[in-house]
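Since the structure comes first, as structure tokens, the remarks are kept for the end.
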Amino acid sequence: MFRSRYLILYAFLCTLFLHETVKAQEGPQTLTIKDALDSVVQNYGTIRAKRNVVKQAQSNIDYSKLQAIPDLNLSASNFYGTANGINGPSYNVGAGGIASSGPVMPSQNWNAAFGGLYLANVNWNFFSFGKIREGVKVSQANLTTNQKDLDQEIFQDQVKVCAAYLNLMGAQQLTKVAQDNYNRAVIVRNAVVPRVLSGLNAGVDSSIAVAQVSSAMMAWTRSKDREQELANELIRLLGTRNTEEPVLDTLFITRIPDNFLDTLNSYSAQHPVLQYYNSQILASREQEKYIHTQFFPTFNLFSAYQYRASGFKSDYSTSAMDAYSSNYLTGVGTGRQNYLVGVGVTWNLSNPIRLRKLEQAQRNQTYALQDAYAMNDQQLNAQITLANNKVKNALSNYYQIPTQLKAASDAFLQKTVQYKNGLNTIIDVQQALYLLNSAEIDKYIAYNNVWQALLIKAAAIGDLDVFLKKL
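FYI, in mature numbering (1 follows the signal peptide of the UniProt record, and there is no 0) the residues of the sequence shown are -24 to -1, 1 to 447.
Structure follows, in structure tokens:
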């Protein structure tokens, strides 16, 4: 039996090792931009917080609706005390007093018995000129505002994560360009130094080549530093605990969007940002209506039932001082019952004077929100124009890249061959190296700018699918 258990454990460990080996060979998983969008929606702290605010607003609606039901109060108390009465008025100021009912005795006595008071009452504001109804509408408007705030937060954070994704992709490619430039500088140095040592070239050539290698190394390091910063920004937006730099989809450096110019050129009132500000305006108007309902009275229906028990009997008086019982059950169980039903109205006549100013303040708040809506509408209109210009400029630069890159590559090859044959100087090679490096940088920047321009346009239109459908 021990041997069979050992074999099972051995087989399990071998299977686990094989699984981990295959997993390691597969390499890190590529983070697609759609995966990044899903991650930010599920994990980003601000979105999660606003999602809970929406749930809170829904609970507030339920609470507002429950204000329409009657109040039902139940009360029960047992006590033990004396029953001395006295003729004359009294007024309690700032402290609690003892309320006792009983005959007026010629002198103080300490006869005491148990008593009980049991009470049930119902109070229902059955008509209040729409106070409760408008309160529910205010809560519903606040829920809509919070939901629209969540929607625009999701939209803006998704745009941010797309931009961070593209920025990191561009930074990774620029780091690769910097590394390639460093490798070329090393090749040039390795070609120059032997010629200097053999006396074919001046010693200053080797100094220039070595300096070029150092400069290329520093540029490579700066590029890696910038890449790490942008990776950190993307990881922060993803909202995960994994801090390793993600492996990105190379789609964005292999092609540009097709049918680029067939996208929309305008936005609508359904833009998430405009929807949010519009919901604030509607909520403010509902608040105005709710404040106005406070001008009017409230009609209520009330009823009460009371059972009062006492150990003092009905004939307890100066002539029957012993007509009471100190037994607990007798004191809390024997008594009299009463009920009442009524209708009442309450109206604070000074409320309209005070609340009129509050209503005006809320109306001014509505005007302020309308101005904020107009400002954002104007900004989006300007952003559409800017986005269209960026699209045209990005495409113009993109179409120049093949010519620039081919010319720079040919020039570097030509200058290198000429230098090896003593037909030019190290300065010519250095200039050609610089031009080739600039052309490679411009290549990846052009690819990235085309996608960034499309993203800016999608953000201005208010529809991220404008960007995602081109993937």
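Glycine included, C-beta positions come from ideal geometry on N, C-alpha and C. Being a predicted model, the structure only gives us computed values, none of them experimental.
When the beta-carbon positions are compared, A89 and S326 stay at least 8 Å from each other. Taking the Cβ atoms as the reference, G21 lies roughly 6 Å from G215, within the contact range of under 8 Å. Burial state of F228 is buried, judged by a 10 Å Cβ sphere holding 16 or more other Cβ atoms.
The alpha carbon of N314 has as its nearest neighbour, out of A299, S279, M81, the alpha carbon of S279.
In the three-state DSSP reduction, G78 falls in the coil class, being neither helix nor strand. Judged by beta-carbon spacing, Y304 lies beyond the 8 Å limit of G78, meaning their Cβ atoms are not closer than that value. Judged by DSSP in its simplified three-state form, G309 adopts helix.
Shown here, W100 sits in a strand according to DSSP, grouped into three states.
Looking at K265, S182, K445, the one whose alpha-carbon comes closest to that of Y395 is S182. Residue state for D353 is assigned as helix, using DSSP reduced to three classes. Between L142 and the set P82, L13, A52, the nearest pair of CA atoms involves L13.
Going by DSSP, Q43 is part of no alpha helix (DSSP H) at all; its letter is neither H nor E. N413 and G146 have their C-alpha atoms spaced approximately 15 Å apart. In this model, N357 and E264 are separated by some 31 Å (Cα to Cα). Remark: C-beta atoms of F103 and P248 do not approach each other more closely than 8 Å. The residue among G179, V114, L316 with its C-alpha nearest the C-alpha of R165 is G179. For Y420, the enclosing alpha helix (DSSP H) has its first and last residue at 402 to 437. Restricting attention to beta strand (DSSP E) runs no shorter than 3 residues, the region 241 to 318 encloses them at 274 to 286, ordered along the chain. Secondary structure of G57 (DSSP, three-state): strand. Under the 8 Å Cβ criterion, the region 80 to 99 does not count as touching the region 20 to 35, having fewer than three qualifying pairs.
Per DSSP, the continuous alpha helix (DSSP H) segment holding Y158 begins and ends at 107 to 173.
The C-alpha of L50 is placed about 17 Å away from the C-alpha of L277.
Around the beta carbon of F55, fewer than 16 other beta carbons sit within 10 angstroms, so the residue counts as exposed. Of the residues assessed, V16 falls on the buried side of the cut-off, its CB having 16 or more other CB atoms within 10 angstroms.
Between A408 and I232, the alpha-carbon positions lie close to 28 Å from each other. By the Cβ rule, the region 256 to 270 counts as touching the region 343 to 351, because three or more pairs are nearer than 8 Å. S242 and I360 have their C-alpha atoms some 7 Å from each other. Rounded to whole angstroms, the Cβ separation of A429 and I377 is 15 Å, and the two are not in contact under 8 Å. Straight-line spacing of the CA atoms in I23 and Q270 works out to 36 Å.
Distance from S199 to L150 at the Cβ level is roughly 5 Å; contact confirmed, criterion being Cβ atoms closer than 8 Å. Annotated three-state conformation of Y94 is strand, per DSSP.
If you draw a 10 Å sphere on the C-beta of W427, you find 16 or more other C-beta atoms in it, and that means buried. With 16 or more other CB atoms across the displayed protein chains lying within 10 angstroms of its CB, T121 is buried. DSSP, reduced to helix, strand and coil, places L389 within a helical segment of the structure shown. Residues of the same chain with a CB within less than 6 Å of the CB of K124, apart from the 5 flanking positions on each side, are Q251, Y252, S255 in chain order. Beyond the five residues adjoining it in sequence on each side, A185 comes within less than 6 Å, by CB distance, of V164, R165, V168 in the same chain, given in chain order.
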